[in-house]
Amino acid sequence: MQLEAVVRQLELEQLYTDYVHCLDGDELERWPDFFTEDCFYRITSAENYEAQMPLGLIHATSRNMLKDRVSALREANIYEPQRYRHLVSSLKIVDEQGETLDLVANFIVVRTMQEGDMTVFAVGRYLDRVKHQDGRWKFARKTVVLDSRQIDTLLAIPI
Amino acid sequence: MQLEAVVRQLELEQLYTDYVHCLDGDELERWPDFFTEDCFYRITSAENYEAQMPLGLIHATSRNMLKDRVSALREANIYEPQRYRHLVSSLKIVDEQGETLDLVANFIVVRTMQEGDMTVFAVGRYLDRVKHQDGRWKFARKTVVLDSRQIDTLLAIPI
Amino acid sequence: MQLEAVVRQLELEQLYTDYVHCLDGDELERWPDFFTEDCFYRITSAENYEAQMPLGLIHATSRNMLKDRVSALREANIYEPQRYRHLVSSLKIVDEQGETLDLVANFIVVRTMQEGDMTVFAVGRYLDRVKHQDGRWKFARKTVVLDSRQIDTLLAIPI
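Top line first, the protein sequences correspond to chains A, B and C.
1 is the number of the first residue of the first sequence in our numbering; add one for each residue after it.
160 is the number of the first residue of the second sequence in our numbering; add one for each residue after it.
319 is the number of the first residue of the third sequence in our numbering; add one for each residue after it.
What follows is the structure, given as structure tokens:
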């Protein structure tokens, strides 16, 4: 492994680190900033993904749509005192074209209910494309592929 | 990212790696050595943490208090054949003052009972301060913030 | 930490990353390639491991035996629509002899059933020996030590 690859790997891991702390800290207003303006974001199940079914639980084709999503979540104002905790592992560059990289990583999200019950809320893969823009890595595409076809939530939240 | 930052990130990740293998291997006698002499250690819930409630499940203000804690756990001699397994992810430096760093990391702890049942025992964040001392990083402060207000244990154990 | 150690750590982490994506992607035919020809592979429980009981859920003493295992799994042709997702953390070099390294790492595997139920399938440690061979790291020994004595599966699968 070259030093340049080491540095890049660490930078990418920090991108995911920042991303999950943003979500787990419920700082959703910062969430769209992780994406490029013309980004693609989707949450789908492995089953649908493999069957090439286009839609998903969330399907957005621009950063503005992600901002709208956050507004909708805030306005819905559903009293959801749950907490989410992401763990990410096994980040790998699977393809690269100049400063555009395709990545895969595994994740698990544990949800804690107000009374204290903890359950595995979601597990799966991130299938992402990142670009180096304005001195940092941003998601040009993020496909969240859930292993489960079911997700126990009233209103789809970012993962 | 600079090379110096890469090296430091890896050193810090190794600190957490050593820390969790110490706990998971039930080598509690080595546990206080991860801390400075005048350390602060606390386990609390996210709810209490946000409400700035001072106390917690464990609250220690020196390494000697951590040693006392280990002695108490050993003397209690409760037959607890459980095993604990920590996974840590998303370690990030959030502030730095010279050789003193403030860190955050996510964790999950799975407990396995003697009969084989596995459950999510704890999830949450480490909010830590480390110092470089005698050629290695040590915890000057470690605040274990559990997402859940409940923890299913008779006797609070280090996390 | 020296730069050489940083590079090696990242290479080893990538080895585990590749390994788990191979398993989670059900690309079992590629799985034996992660091992040396005269490898040792074993899945056992912590209880048996500590009691130095030799056998385990799987016990193989060559790469060819791993290939046979994969063939058996494919031929059994049991309709098992589960998905497995590994998260690995806290990888550490515990010993080194030239280009042969002894490693430990923690893992959790979450299984998702066809209907969508997610459960913690396995947690434990990898106790591994790797060798640098033909320009890459390979497992000369892999001992999968499960925290639980029970594993809920009809046919033992690679972990």
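Beta carbons are placed, not taken as given, at the ideal position from N, Cα and C, and that holds for glycine.
Pick from E433(C), I376(C), F425(C), V422(C) that is closest to A390(C), judged by C-alpha positions: Here residue 390(C) refers to the residue found at position 72 when the third sequence is read from its first residue. Nearest C-alpha to A390(C): I376(C).
Beta strand (DSSP E) segment containing S90(A), residue limits: Stepping through the first sequence from its first residue, residue 90(A) is reached at position 90. Element bounds for S90(A): 83-97.
Beta-carbon spacing of V268(B), K251(B) below 8 Å: As a working note, residue 268(B) is residue 109 in the second sequence. As a working note, residue 251(B) is residue 92 in the second sequence. Their beta carbons are not under 8 Å apart, which means V268(B) does not touch K251(B) by this criterion.
DSSP state of E37(A) mapped onto helix, strand, coil: Translated into positions along the first sequence, residue 37(A) becomes position 37. If DSSP states are grouped into helix, strand and coil, E37(A) belongs with the strands.
Nonlocal neighbours in the same chain, by C-beta distance under 8 Å from D336(C), ignoring five residues either side: As a working note, residue 336(C) is residue 18 in the third sequence. Excluding sequence neighbours, D336(C) sits near F352.
Segment contact, 8 Å Cβ cut-off, at least three pairs: the stretch 178-188 of chain B with the stretch 138-150 of chain A: no
DSSP-derived helix/strand/coil call for V17(A): As a working mapping, residue 17(A) is identified with position 17 in the first sequence. In the sequence as displayed, the identity of residue 17(A) is Thr instead of Val. DSSP places T17(A) in helix when its eight states are reduced to three.
Below-8 Å beta-carbon distance, H132(A) vs any chain B residue: Along the first sequence, read from residue 1 onward, the residue named residue 132(A) stands at position 132. So, not an interface residue.
Stretch-stretch touch, CB-based, cutoff 8 Å, three pairs: the stretch 51-70 of chain A with the stretch 273-291 of chain B: no
Where R429(C) sits in the DSSP three-state scheme: Residue 429(C) sits at position 111 when you count from the first residue of the third sequence. Here R429(C) sits in strand by DSSP.
Opposing strand residues paired with S204(B) [DSSP bridges]: Indexing the second sequence from 1 puts residue 204(B) at position 45. Answer is L305(B), bridged to S204(B).
Opening and closing residue of the beta strand (DSSP E) in which D446(C) lies: As a position in the third sequence, residue 446(C) is number 128, starting the count at 1. From DSSP, the beta strand (DSSP E) with D446(C) extends over 436-451.
Residue environment, Q219(B), which counts as buried when at least 16 other CB atoms sit within 10 Å: Numbered from its first residue, the second sequence carries residue 219(B) at position 60. According to the sequence shown, residue 219(B) is Ala rather than Gln. Its Cβ being crowded by 16 or more others within 10 Å, A219(B) is buried.
Host beta strand (DSSP E) of A378(C) (start-end): Indexing the third sequence from 1 puts residue 378(C) at position 60. Run containing A378(C): 376-378, per the beta strand (DSSP E) assignment.
Chain-ordered residues of the stretch 2-31 of chain A with a beta carbon less than 9 Å from chain C: Q2, L3, A5, V6, Q9, L10
Selection of the stretch 53-68 of chain A by Cβ proximity to chain B, strictly under 7 Å: none
Chain A contact for D254(B) (CB, 8 Å cutoff): In the second sequence, the residue the question calls residue 254(B) occupies position 95. Taking Cβ atoms only, chain A never reaches closer than 8 Å to D254(B), which makes this a no.
Closest residue to S380(C) among F358(C), P476(C), V438(C), N424(C) (Cα-Cα distance): Residue numbering aside, residue 380(C) sits at position 62 when the third sequence is read from its first letter. Looking at the Cα atoms, F358(C) is the closest of the given residues.
R401(C): contacting residues in chain A (beta-carbon distance under 9 Å): Stepping through the third sequence from its first residue, residue 401(C) is reached at position 83. Going along chain A in sequence order, the residues near R401(C) (Cβ under 9 Å) are A46, V123, G124, D147, S148.
Between the CA atoms of E75(A) and L162(B) - distance to the nearest angstrom: Reading the second sequence from its first residue, position 3 is the one you call residue 162(B). Reading the first sequence from its first residue, position 75 is the one you call residue 75(A). Going by the C-alpha atoms only, they are around 44 Å apart.
Contact set between S71(A) and chain C, taken where Cβ atoms lie within less than 7 Å: Taking the first residue of the first sequence as position 1, residue 71(A) is located at position 71. By Cβ distance, chain C contributes nothing, its closest Cβ being about 29 Å from S71(A), past 7 Å.
Exposure label - P191(B); buried when at least 16 CB within 10 Å: For this step, residue 191(B) is matched to residue 32 along the second sequence. So P191(B) ends up on the buried side.
For V94(A) and A156(A), the rounded distance between their alpha carbons: Here residue 156(A) refers to the residue found at position 156 when the first sequence is read from its first residue. Here residue 94(A) refers to the residue found at position 94 when the first sequence is read from its first residue. Cα to Cα, the separation comes out at about 28 Å.
Distance, R443(C) Cα to Q370(C) Cα: In the third sequence, the residue the question calls residue 370(C) occupies position 52. In the third sequence, the residue the question calls residue 443(C) occupies position 125. Going by the C-alpha atoms only, they are around 16 Å apart.
Under 9 Å by beta carbon: chain C residues contacting L87(A): Reading the first sequence from its first residue, position 87 is the one you call residue 87(A). Going along chain C in sequence order, the residues near L87(A) (Cβ under 9 Å) are L405, S407, I426.
P273(B) burial status per 10 Å Cβ neighbour count (16 or more: buried): Position 114 of the second sequence, counting from 1, holds the residue named residue 273(B). A quick correction: the sequence has Gln, not Pro, at residue 273(B). Exposed, by the Cβ-count rule.
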